[in-house]
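Protein chains in written order, with this note's numbering: chain A, 55 to 256; chain B, 392 to 949. Every residue gets a Cβ at the ideal spot worked out from N, C-alpha and C, and that includes glycine.
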Amino acid sequence: MSQELTKELVQKLLGIKGEVRGVVFRTDREYVLRKKGEEYLEKVEKELEKLGYPIKYEEIKSMNFYPIGLRILSLLVIKEVLNLNDDAIKEMGLVATKSSLIIKILAKFFFSLQRVFATEAPKIWKKHYTIGEIEPVELNEEKKYAILRLKDFKVHKIMCTYLEGYFCGIGQLIIKTSKIESKETKCPFLGDEYHEFLLTWE
Amino acid sequence: MKTNTERLQEEKRKIEYLLEDLASLESYAKDLLNFFPIPICVVSSIGIILEANPALEEISGYQMEELIGKGIEELFKSKDIDEITKEIFGKGSVRGKEATLLTKEKKEIPVNVYARLRKTEEGETIGYFLGFFDLTEIKKFQEQLQTKINELERLREKELILKIRESAKTADIEKKVKELENARKALMNILEDVEEARKKAEEERNQTLAIINNFADGILVFDKEGNLSLINPQAEAFFDVKGRDIIGRSVGELETFPTIRPVAKLLGKEIKKLSRQEAELNENLILEITTIPIVRDKKILGKMVILHDITRGKAIEKMKTEFVSIAAHQLRTPLSAIKWTLKMILDGDLGSLTKEQREFLEKTYQSNERIINLINDLLNVTRIEEGRYIYKPQTTEILPIIESLLKSYEGMIQKKNLTLELKKPPKLPKVKVDIEKISLAIQNLLENAIIYNVPNGKIEITLEDKGEEIQISVKDTGIGIPKDQQQRMFTKFFRGSNAMKIDTEGSGLGLFITKNIIDAHGGKIWFESEEGKGTTFYFTLPTVGKFEEISEFFKMKI
Chain A
55 MSQELTKELV QKLLGIKGEV RGVVFRTDRE YVLRKKGEEY LEKVEKELEK
105 LGYPIKYEEI KSMNFYPIGL RILSLLVIKE VLNLNDDAIK EMGLVATKSS
155 LIIKILAKFF FSLQRVFATE APKIWKKHYT IGEIEPVELN EEKKYAILRL
205 KDFKVHKIMC TYLEGYFCGI GQLIIKTSKI ESKETKCPFL GDEYHEFLLT
255 WE
Chain B
392 MKTNTERLQE EKRKIEYLLE DLASLESYAK DLLNFFPIPI CVVSSIGIIL
442 EANPALEEIS GYQMEELIGK GIEELFKSKD IDEITKEIFG KGSVRGKEAT
492 LLTKEKKEIP VNVYARLRKT EEGETIGYFL GFFDLTEIKK FQEQLQTKIN
542 ELERLREKEL ILKIRESAKT ADIEKKVKEL ENARKALMNI LEDVEEARKK
592 AEEERNQTLA IINNFADGIL VFDKEGNLSL INPQAEAFFD VKGRDIIGRS
642 VGELETFPTI RPVAKLLGKE IKKLSRQEAE LNENLILEIT TIPIVRDKKI
692 LGKMVILHDI TRGKAIEKMK TEFVSIAAHQ LRTPLSAIKW TLKMILDGDL
742 GSLTKEQREF LEKTYQSNER IINLINDLLN VTRIEEGRYI YKPQTTEILP
792 IIESLLKSYE GMIQKKNLTL ELKKPPKLPK VKVDIEKISL AIQNLLENAI
842 IYNVPNGKIE ITLEDKGEEI QISVKDTGIG IPKDQQQRMF TKFFRGSNAM
892 KIDTEGSGLG LFITKNIIDA HGGKIWFESE EGKGTTFYFT LPTVGKFEEI
942 SEFFKMKI
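Here you go:
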């Protein structure tokens with residue numbers, strides 16, 4: 055166990071107010087299974103158990119709400135056990151959009167970029183998290199970029215990386231392009247008031 | 392009445408039930424999607440794949456995360472997907488449309504596409520479901536079926552043709568059948584003739600082969616390319632080789648065989664024309680070689696080489712020559728003693744003679760002289776045949792030699808009252824000759840012209856400059872040579888039948904010796920003659936320059 059994942063840190067994380075839909079644990083599970091298989095999923099579960107917060111991913115209900123601290127703990131343990139770098143965490147966020155039940159339910163609205171950006175994106179966020187708020191800032195289809203702001207969501211830096219991939223994945227489902235990228239341009243952990251993500255595509 | 396807390400708990404319980412149902416529904420939907428053996432996907436209205444099942448993952452070769460978010464047009468040929476989307480958005484569904492699926496590995500799979508449009512409750516189009524069947528096996532089956540159908544059609548066509556043929560037994564066909572029958576008979580006759588001719592040709596061939604194989608002479612046959620195509624057993628024995636080892640080889644290649652080399656050298660690479668040319672293969676085998684072109688329809692098909700074994704003949708001839716040589720030597724010594732004794736008596740060294748004694752002794756002396764001349768001729772012949780006739784050529788002019796000879800024959804010419812004419816150009820090139828031998832040759836010709844001339848006849852000697860050689864002719868107006876005997880004039884001991892009547896003392900060796908001398912000098916000799924009118928002998932001698940050129944040949948002769 056790294057110095058980062060101390061019991062104190064875990065306690066602190068679990069102290070964060072706010073909840074998240076169980077679907078995010080399901081997508082975490084999918085990722086681990088696809089990348090490393092059952093054996094590593096068991097390792098992750100054991101590690102969580104050691105930390106005193108066991109998660110049985112199979113028993114997680116997609117639509118139920120769980121503590122947001124647990125969600126962050128899941129990511130940190132997976133990163134630790136699978137020895138993932140930031141790119142892999144970003145990939146986790148991207149792949150999550152492709153197996154998320156909530157995204158599938160909302161996908162019926164993915165016929166208009168304008169609509170998804172202005173209306174559905176904030177909804178998607180609210181359907182996943184009980185804290186934080188998505189604010190669409192700018193969409194320029196001609197110049198092929200969009201700016202999204204995430205306010206009141208200072209939980210852990212790993213979420214910034216994860217969300218970069220997540221927004222990129224959403225972009226892939228609504229924009230027909232061969233290349234799309236997402237980058238966090240503002241971050242509360244860097245002194246900004248909020249997170250801001252810039253999506254660009256070709 | 393329920394309290395607020397009770398109502399809240401009841402609401403919470405209901406929500407929990409709903410969430411449980413939703414989770415079950417999710418599981419159900421997922422299981423159903425995963426279960427479907429046919430590839431299925433959910434496509435957004437702008438053509439992005441939002442959901443896919445494992446069957447699609449498997450057939451396309453893409454992983455799930457690659458598939459979701461991918462444009463549907465990447466999975467199909469552009470023409471196919473254009474038609475499909477047009478039909479979906481136009482008619483609301485697609486049923487069994489054939490298209491070509493493009494896999495990640497660029498493989499093309501024929502599929503049958505089904506699709507249905509998705510709309511919201513408000514009637515807003517939000518995309519479509521799309522599924523398809525893999526037609527690969529069906530296509531294969533169709534192709535096999537088509538092949539069978541084609542085969543069946545061909546069989547039917549054949550059957551139909553047969554039926555038509557059967558039903559068309561008209562007089563015309565019968566006539567044609569008869570004609571065909573006649574043609575067949577004629578053909579059979581021709582075939583019989585051909586077969587007979589073939590048998591005859593084969594018999595002839597076998598006969599020819601039998602003759603060749605049993606021929607006492609060796610035979611080699613070369614094809615037109617100059618490669619050996621046949622060798623008979625006798626030739627195999629001469630060369631001590633097996634035909635299979637040398638058949639197909641050129642003369643050049645045959646030269647590498649030590650036993651064949653002497654013959655191959657004589658033949659030359661082009662297989663030159665040879666007539667009774669001798670080749671000594673070893674001490675015990677001398678062959679006489681003759682080449683004959685094999686000609687058919689004026690075309691040379693090859694060349695035949697006949698190898699005649701003359702070893703025995705040569706041995707006998709050698710023995711004969713040796714005998715003559717020994718006998719002549721043995722005879723000449725006592726004859727010379729007789730000659731000098733007679734000479735002394737005739738010169739009066741042993742006392743005076745009566746007239747009658749002198750006449751007898753003079754006749755004896757002349758007879759002895761003739762025998763000595765004959766023996767000298769015989770010795771010359773044996774020397775020629777044994778290769779011991781030594782030549783000492785020197786550069787000289789031919790005219791003085793001839794003039795000197797003519798002078799020595801003046802008495803004989805006058806005695807017969809012959810007219811002699813010498814025709815000569817102002818200048819003649821020099822020749823290189825053995826003066827003694829060439830004098831003997833000219834002497835023989837002069838003697839013949841005198842002896843066999845008619846009284847009061849004429850002798851004409853002509854010298855001509857022919858560039859590289861001098862030509863000399865001796866023309867007489869004598870008895871001539873009978874035509875049927877002309878071929879044998881240069882052979883040993885031969886004398887013309889009419890000549891023998893005039894002069895009974897000739898040896899028949901003069902022309903043989905003359906020819907050998909002229910040949911040895913690189914010249915040629917021949918004659919023209921008409922019985923009762925006269926004979927002209929011609930011979931040539933190379934000039935000095937030409938003589939040097941052919942000196943190799945000359946040396947060989949010496």
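Tell me whether residue i sits in a helix, a strand or coil according to DSSP, three-state version.
i, result
"Ser864 of chain B", "strand"
"Met213 of chain A", "helix"
"Val824 of chain B", "strand"
"Thr934 of chain B", "strand"
"Thr787 of chain B", "strand"
"Ile70 of chain A", "coil"
"Met803 of chain B", "helix"
"Ile949 of chain B", "Low per-residue confidence applies at Ile949 of chain B: pLDDT is 38, beneath 50, and the placement is therefore not dependable, though the value from the model is reported in the following sentence. Correct three-state label for Ile949 of chain B: coil."
"Ile439 of chain B", "strand"
"Gln57 of chain A", "The pLDDT assigned to Gln57 of chain A is 46, lower than 50, so where the model puts this residue is not dependable; a value taken from the coordinates is nonetheless given after this. In this structure, Gln57 of chain A counts as coil in the three-state DSSP scheme."
"Glu397 of chain B", "helix"
"Val845 of chain B", "coil"
"Phe885 of chain B", "coil"
Give the DSSP bridge partners of residue i, in chain order.
i, result
"Thr254 of chain A", "A:Tyr199, A:Glu235"
"Tyr408 of chain B", "Beta-bridge pairing links Tyr408 of chain B to no other residue."
"Phe928 of chain B", "B:Val865, B:Phe918"
"Lys814 of chain B", "B:Thr853"
"Ile677 of chain B", "B:Glu671"
"Ala506 of chain B", "B:Val485, B:Leu521"
"His182 of chain A", "DSSP lists no partner for His182 of chain A."
"Val686 of chain B", "B:Ile691"
"Ala490 of chain B", "B:Val502"
When you compare only the Cα positions, how much space is there between residue i and residue j?
i, j, result
"Val935 of chain B", "Ile602 of chain B", "51 Å"
"Asn604 of chain B", "Ile685 of chain B", "18 Å"
"Leu543 of chain B", "Glu534 of chain B", "14 Å"
"Arg779 of chain B", "Glu708 of chain B", "15 Å"
"Asn907 of chain B", "Ser830 of chain B", "13 Å"
"Gly452 of chain B", "Phe467 of chain B", "13 Å"
"Ile622 of chain B", "Lys915 of chain B", "36 Å"
"Ile431 of chain B", "Leu413 of chain B", "22 Å"
"Glu112 of chain A", "Ser418 of chain B", "11 Å"
"Thr239 of chain A", "Leu409 of chain B", "39 Å"
"His182 of chain A", "Lys530 of chain B", "48 Å"
"Gly913 of chain B", "Lys937 of chain B", "9 Å"
"Tyr929 of chain B", "Asp740 of chain B", "46 Å"
"Asp608 of chain B", "Glu669 of chain B", "14 Å"
"Ile666 of chain B", "Thr682 of chain B", "Correcting the residue type first, residue 666 of chain B is Ser in the shown sequence and not Ile. C-alpha separation (whole angstroms): 7 Å."
"Gln454 of chain B", "Arg88 of chain A", "10 Å"
"Gly518 of chain B", "Val485 of chain B", "13 Å"
"Arg596 of chain B", "Ile581 of chain B", "22 Å"
"Ile863 of chain B", "Arg774 of chain B", "26 Å"
"Glu235 of chain A", "Leu253 of chain A", "6 Å"
"Met735 of chain B", "Asn759 of chain B", "14 Å"
"Glu196 of chain A", "Pro108 of chain A", "48 Å"
"Trp917 of chain B", "Ile833 of chain B", "13 Å"
Residues from the segment 211-228 of chain A in contact with chain B, defined by Cβ distance under 8 Å: Gly223, Gln226, Leu227, Ile228
Compile a chain-ordered list of the residues in the segment 102-124 of chain A whose CB is closer than 7 Å to at least one CB of chain B. Cβ contacts with chain B come from Lys115, Ser116, Met117, Asn118.
Quick test of the definition: if touching needs 3 or more C-beta pairs under 8 Å, does the segment 758-774 of chain B touch the segment 891-902 of chain B? yes
Using a Cβ-Cβ cut-off of less than 9 Å, give me the residues of the segment 452-463 of chain B that come near chain A, in sequence order. Gln454, Met455, Glu456, Leu458, Ile459, Gly460, Lys461, Gly462
Can you list, in chain order, the residues of the segment 150-183 of chain A whose Cβ is nearer than 9 Å to any Cβ on chain B? Thr151, Lys152, Ser153, Leu155, Ile157, Lys158, Ala161, Lys162, Phe163, Phe164, Phe165, Ser166, Leu167
When you check each C-beta in the segment 439-451 of chain B against every C-beta of chain A, which residues fall closer than 7 Å? Ile439, Leu441, Glu442
The segment 783-797 of chain B / the segment 845-858 of chain B touching (three or more Cβ pairs under 8 Å): yes
Validate contact between the segment 455-462 of chain B and the segment 217-228 of chain A using beta carbons, cut 8 Å, 3 pairs: Yes, the segment 455-462 of chain B is in contact with the segment 217-228 of chain A.
How about the segment 688-696 of chain B and the segment 710-718 of chain B: do they share at least three Cβ pairs that are nearer than 8 Å? no
Is it the case that the segment 198-215 of chain A contacts the segment 183-190 of chain A, given that we only count it when at least three CB pairs across the two stretches are under 8 Å? yes
Indicate whether the contact test is met: 3 or more Cβ pairs, each with one atom in the segment 205-214 of chain A and one in the segment 474-485 of chain B, closer than 8 Å. no
With three or more beta-carbon pairs closer than 8 Å as the criterion, would you say the segment 137-145 of chain A touches the segment 62-73 of chain A? Too few Cβ pairs lie closer than 8 Å, so no.
Would you check if there are 3 or more beta carbon pairs closer than 8 Å linking the segment 90-105 of chain A to the segment 150-161 of chain A? no
Positions along the segment 230-250 of chain A whose CB lies within less than 8 Å of some CB in chain B: Lys230
For the 8 Å Cβ check, are there 3 or more pairs between the segment 436-450 of chain B and the segment 420-428 of chain B? yes
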